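S.K.: Can you read through this structure? Questions will come right after.
Protein chains: 2
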Amino acid sequence: MAIDFKQDILAPVASDFAAMDTFINEGITSKVALVMAVSKHVVEAGGKRMRPIMCLLAAKACGSTDLEQHRKLAAIIEMLHTATLVHDDVVDESGLRRGRPTANATWNNQTAVLVGDFLISRAFDLLVDLNDMVLLKDFSTGTCEIAEGEVLQLQSQHDPETTEQTYLNIIHGKTSRLFELATEGAAILSGTPEYREPLRHFAGHFGNAFQIIDDILDYTSDAETLGKNIGDDLMEGKPTLPLISALQHTQGEEHDIVRRSIATGGIHQLEQVIQIVQQSGALDYCRKRAEEETQAALAALQHLPESEARQALFNLTQLALHRIQ
Amino acid sequence: MAIDFKQDILAPVASDFAAMDTFINEGITSKVALVMAVSKHVVEAGGKRMRPIMCLLAAKACGSTDLEQHRKLAAIIEMLHTATLVHDDVVDESGLRRGRPTANATWNNQTAVLVGDFLISRAFDLLVDLNDMVLLKDFSTGTCEIAEGEVLQLQSQHDPETTEQTYLNIIHGKTSRLFELATEGAAILSGTPEYREPLRHFAGHFGNAFQIIDDILDYTSDAETLGKNIGDDLMEGKPTLPLISALQHTQGEEHDIVRRSIATGGIHQLEQVIQIVQQSGALDYCRKRAEEETQAALAALQHLPESEARQALFNLTQLALHRIQ
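These protein sequence lines map, in sequence, to chains D and X. One point on numbering: in our numbering, the residue at position 297 of the first sequence is 424, and numbering is uninterrupted. One point on numbering: in our numbering, the residue at position 197 of the second sequence is 324, and numbering is uninterrupted.
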């Protein structure tokens, strides 16, 4: 049975989700016209807003009925996510994101760096208003780890010695940590600390699965379906799981080609590397790992009481996996 | 009588200042080697650490005797300052700061953007540990305003219509606001809220004077004394007070040359513009404004009880002004 996003995932929090936009718009309000214009541009370029939806669903799954505070938290999560995207686009020198021109392309790197800084600061400012020291500590530590994950990714670029463990550390920081904050934060605000750990485990494994799937798609998808080109990561010499796994599944010349392509990046031998990744069994291993992470995420959810919202989190996890099935 | 930095300014807080470095080094500790290497590089490239010194002096001027918490706050201030410098150097494409290669030049823009993000997040993380909601709100709002000031500066680049008021808004955000946080934060942590306002006024005017003086030096100094070249701001089309004032002090062809040089930037007619700025009376006006801001800063200090630390803040303010005397 196909999962329908609106009906099977969004439904339990549809009105809260709609109301969240008000908080995002308030959040990006500024006396400085350029700040607002850029913030508006990047916030509107957002995707399905998976992180805030997950935050709202987690709140309901914790038994919260009034989500007023959680709506603010969801808006904060989306602003933090947007800030990291804006800086990522500067870092990756990207011109397009989801088919729209990026902030650095529409304005320039300077503007993108500084508006990203504004969004981080404003997110913290709104977080302080929620007046919860435990929540603040969780987020201030979490955002450090997100930045560290991003730098670890840079540090590992062009390094064929990168291990699967280092890869997991990278994706935990750059992807899973914010999912964790979204759901663990919901438990904190709901006054149900007993659900913090199961929700963190759920979100951490969900994030890992989500990123592994993204990295698989970099070797299998086409530009039209994903808005990114096949081999983008390879071009940048990013040792993602498909390449790490390809190194483990090959020997001799093929092994050397993959190693060299991580070390040098670029389009040199691009097609050959993609073929090796696709035919060596590397992608099968990646799919297996994505499924394991998905199963671990679903298992963690079982520690929450049964509810419509928990089912929706279940459905969202399966929908994410379906992208490679 | 010449003011001696160590004896007349640093002395009352010398041991606290030395101890602060421990907190900075703890603050930049990270599991990710590249994060630590870059953080260490940029923190060590720091100047006289005027902001943390001002924080510590303000704490003593408020009557605090045990500065354990203030040392942490001073370290946080310096980390925030360092983070803005790292991002500024990316924004300005600077290769050198105080004669040392910048982070973006030593590594690359990507690394500089992400390590700057780390330093902002870590500063907030340490701030949360100080466990004071009033302090947190002051800082979270303040860092938004700092980012807004920086974007306003970008927005005003190449705009010859920029008014003195807009200039003041820019320098309040990009420079004075952090001085305000340093001293107002000290009053909050000292449990002397009655000194928040006088210290904020002091620091705000001090920061304005400091930045106006910096902007004057861009038209009068040479590279050897300041580590920056004459005309740097002009090259970038930044409408600082010397240019805004030059527009008000000139007519006809000279006026048009200054207008055009703001609009286009670059070295076109560089020498001519510098000559107009120097001979039109613009710099006299700027010096007058710097002195007014200095006097306002000193007047605000009078609202604090007399002490060795207050005298040191007094001396620091006069030392800053001496740069153009």
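C-beta atoms are modelled at their ideal positions from N, C-alpha and C, and glycine is treated no differently. None of these values were measured; they are calculated from a predicted model.
In the DSSP output, which residue or residues are listed as bridge partners for residue 227(D)?
M.R.: By one-based count along the first sequence, residue 227(D) stands at place 100. 224(D), per the DSSP bridge assignment.
S.K.: Between which two residues does the alpha helix (DSSP H) carrying residue 388(D) extend?
M.R.: Position 261 of the first sequence, counting from 1, holds the residue named residue 388(D). From DSSP, the alpha helix (DSSP H) with residue 388(D) extends over 379-391.
S.K.: Under 8 Å between C-beta atoms, does residue 214(D) make it to chain X?
M.R.: Counting from one through the first sequence, the residue named residue 214(D) turns up at place 87. By this cut-off, residue 214(D) is an interface position.
S.K.: Consult DSSP for residue 331(X) and reduce its assignment to one of helix, strand or coil.
M.R.: To locate residue 331(X), count along the second sequence from 1; it is residue 204. Three-state DSSP puts residue 331(X) in a helix.
S.K.: Beta carbon of residue 167(D): closer than 7 Å to some heavy atom of the ligand HEM?
M.R.: This structure does not include the ligand HEM; it has no bound ligands of any sort.
S.K.: Under three-state DSSP, which class holds residue 304(D)?
M.R.: Taking the first sequence and counting its residues from 1, the one referred to as residue 304(D) is at position 177. Residue 304(D): helix per DSSP, three-state reduction.
S.K.: State the Cα-Cα distance for the pair residue 353(X) and residue 337(X), rounded to the nearest angstrom.
M.R.: For the purposes of this step, residue 353(X) is taken as the residue at position 226 of the second sequence. For the purposes of this step, residue 337(X) is taken as the residue at position 210 of the second sequence. Low confidence applies here, because residue 353(X) scores a pLDDT of 49, under 50, leaving its location unreliable; read the following figure in that light. Rounded to whole angstroms, residue 353(X) to residue 337(X) spans 14 Å at the Cα level.
S.K.: Under DSSP, the alpha helix (DSSP H) around residue 364(D) begins and ends at which residues?
M.R.: What you label residue 364(D) is simply residue 237 of the first sequence in a count that begins at 1. Here residue 364(D) belongs to no alpha helix (DSSP H), and DSSP marks it neither H nor E.
S.K.: Let me confirm a value: residue 206(D) is counted as buried when at least 16 other C-beta atoms fall within 10 Å, else exposed. Which label applies?
M.R.: Here residue 206(D) is taken as the residue at index 79 of the first sequence, counted from 1. The residue in question, residue 206(D), is buried, as its Cβ has 16 or more Cβ neighbours within 10 Å.
S.K.: Return the residue from the list 314(X), 423(X), 289(X) that minimises the CA-CA distance to residue 265(X).
M.R.: For the purposes of this step, residue 265(X) is identified with residue 138 of the second sequence, where counting begins at 1. Among 314(X), 423(X), 289(X), the Cα nearest to that of residue 265(X) is on 314(X).
S.K.: Check each candidate in 210(X), 199(X), 140(X), 141(X) and name the one with the smallest Cα separation from residue 171(X).
M.R.: Translated into positions along the second sequence, residue 171(X) becomes position 44. Nearest option by C-alpha distance: 210(X).
S.K.: Need the endpoints of the alpha helix (DSSP H) that residue 204(X) sits in, please.
M.R.: In the second sequence, counting from the first residue as 1, residue 204(X) sits at position 77. Looking at the DSSP string, the run of the alpha helix (DSSP H) that includes residue 204(X) is 195-218.
S.K.: Just to confirm my understanding: we take residue 178(X), look at its own chain, exclude 5 residues before and 5 after, and list those with CB closer than 7 Å. What are they?
M.R.: In the second sequence, residue 178(X) corresponds to position 51, counting from 1. Around residue 178(X): 204, 205, 208, 305, 306, 309.
S.K.: Specify the secondary structure class of residue 413(D) as computed by DSSP and reduced to three states.
M.R.: As a position in the first sequence, residue 413(D) is number 286, starting the count at 1. Three-state DSSP puts residue 413(D) in a helix.
S.K.: Taking residue 275(D) as the query, report the chain X residues whose CB atoms sit under 8 Å from its CB, ordered along the chain.
M.R.: Taking the first residue of the first sequence as 1, we reach residue 275(D) at position 148. Within chain X, the residues near residue 275(D) are 157, 158, 159, 162, 245.
S.K.: Under a Cβ-count criterion, where at least 16 other Cβ atoms within 10 Å of its own Cβ denotes burial, should residue 237(X) be classed as buried or exposed?
M.R.: Your numbering for residue 237(X) matches position 110 in the second sequence. Buried, because 16 or more other Cβ atoms sit within 10 Å of the Cβ of residue 237(X).
S.K.: Since residue 170(D) meets chain X, which of its residues come closer than 7 Å, beta carbon to beta carbon?
M.R.: Start at 1 with the first residue of the first sequence, and residue 170(D) comes out as number 43. Per Cβ cutoff of 7 Å: no residues; residue 170(D) is ~16 Å from chain X at best.
S.K.: Taking the alpha helix (DSSP H) that residue 152(X) falls in, what are its first and last residues?
M.R.: Within the second sequence, residue 152(X) is the residue found at index 25, counting from 1. It spans 141-154 - the alpha helix (DSSP H) in which residue 152(X) sits, taken as one unbroken run.
S.K.: Got a sec, what are the start and stop residues for the alpha helix (DSSP H) residue 448(D) sits in?
M.R.: In the first sequence, counting from the first residue as 1, residue 448(D) sits at position 321. Taken as a continuous stretch (DSSP letters only), the alpha helix (DSSP H) holding residue 448(D) covers 435-449.
S.K.: Using C-beta distances below 7 Å, list every residue in its chain close to residue 373(D), excluding the 5 sequence neighbours before and after it, in chain order.
M.R.: One-based indexing of the first sequence puts residue 373(D) at position 246. Hits under 7 Å: 385, 403, 404, 407, 409.
S.K.: Which whole-angstrom value describes the C-beta separation of residue 286(X) and residue 369(X), a residue pair presumed to lie in contact below a C-beta threshold of 8 Å?
M.R.: Within the second sequence, the letter at position 159 stands for residue 286(X). Within the second sequence, the letter at position 242 stands for residue 369(X). Actually they do not touch by this definition, with Cβ atoms about 16 Å apart.
S.K.: Any beta carbon of chain X sitting closer than 8 Å to that of residue 241(D)?
M.R.: Numbered from 1 along the first sequence, position 114 holds the residue referred to as residue 241(D). Yes - at least one Cβ of chain X is within 8 Å of the one on residue 241(D).
S.K.: By the criterion of Cβ-Cβ separation under 7 Å, what are the contact partners of residue 135(X) in chain D?
M.R.: Here residue 135(X) refers to the residue found at position 8 of the second sequence. Chain D residues near residue 135(X): none, gap ~35 Å exceeds 7 Å.
S.K.: List the whole-angstrom C-beta distance separating residue 335(X) from residue 283(X), where the pair is believed to meet the contact cut-off of C-beta under 8 Å.
M.R.: Within the second sequence, residue 335(X) is the residue found at index 208, counting from 1. Within the second sequence, residue 283(X) is the residue found at index 156, counting from 1. Between residue 283(X) and residue 335(X) the Cβ distance is about 17 Å, and since that is not below 8 Å, they are no contact.
S.K.: Below 8 Å on the Cβ atoms is my contact criterion, and I expect residue 252(X) with residue 231(X) to pass it. Report the Cβ-Cβ distance as a whole number of Å.
M.R.: Position 125 of the second sequence, counted from the first residue, corresponds to residue 252(X). Position 104 of the second sequence, counted from the first residue, corresponds to residue 231(X). Not confirmed; about 24 Å, so no contact.
S.K.: In angstroms, rounded to a whole number, what distance separates the CA positions of residue 298(D) and residue 346(D)?
M.R.: Taking the first residue of the first sequence as position 1, residue 298(D) is located at position 171. Taking the first residue of the first sequence as position 1, residue 346(D) is located at position 219. Distance between the alpha carbons of residue 298(D) and residue 346(D): 17 Å.
S.K.: Taking the alpha helix (DSSP H) that residue 245(X) belongs to, which residues open and close that run?
M.R.: Taking the first residue of the second sequence as 1, we reach residue 245(X) at position 118. Taken as a continuous stretch (DSSP letters only), the alpha helix (DSSP H) holding residue 245(X) covers 236-256.
S.K.: So is residue 260(X) buried or exposed if we call it buried at 16+ other beta carbons inside 10 Å?
M.R.: Position 133 of the second sequence, counted from the start, is the residue given in the question as residue 260(X). With fewer than 16 Cβ atoms within 10 Å of its Cβ, residue 260(X) is classed as exposed.
S.K.: So the candidates are 331(X), 224(X), 378(X), 393(X); which of them puts its Cα closest to the Cα of residue 444(X)?
M.R.: The count along the second sequence starts at 1 and reaches residue 444(X) at position 317. Closest option to residue 444(X), Cα to Cα, is 331(X).
S.K.: Can you list, in chain order, the residues of the stretch 260-284 of chain D whose Cβ is nearer than 7 Å to any Cβ on chain X?
M.R.: Within the stretch 260-284 of chain D, the qualifying residues are 260, 263, 264, 267, 268, 270, 271, 274, 275, 277, 278, 279, 281, 282.
S.K.: Residues of chain X with CB closer than 7 Å to the CB of residue 359(D), please, in chain order.
M.R.: Residue mapping note: residue 359(D) aligns to position 232 of the first sequence, counting from 1. Here the premise fails: no neighbours, minimum Cβ distance about 15 Å.
S.K.: Chain X beta carbons: is any one of them nearer than 8 Å to that of residue 258(D)?
M.R.: Taking the first residue of the first sequence as position 1, residue 258(D) is located at position 131. Cβ-Cβ to chain X under 8 Å: yes for residue 258(D).
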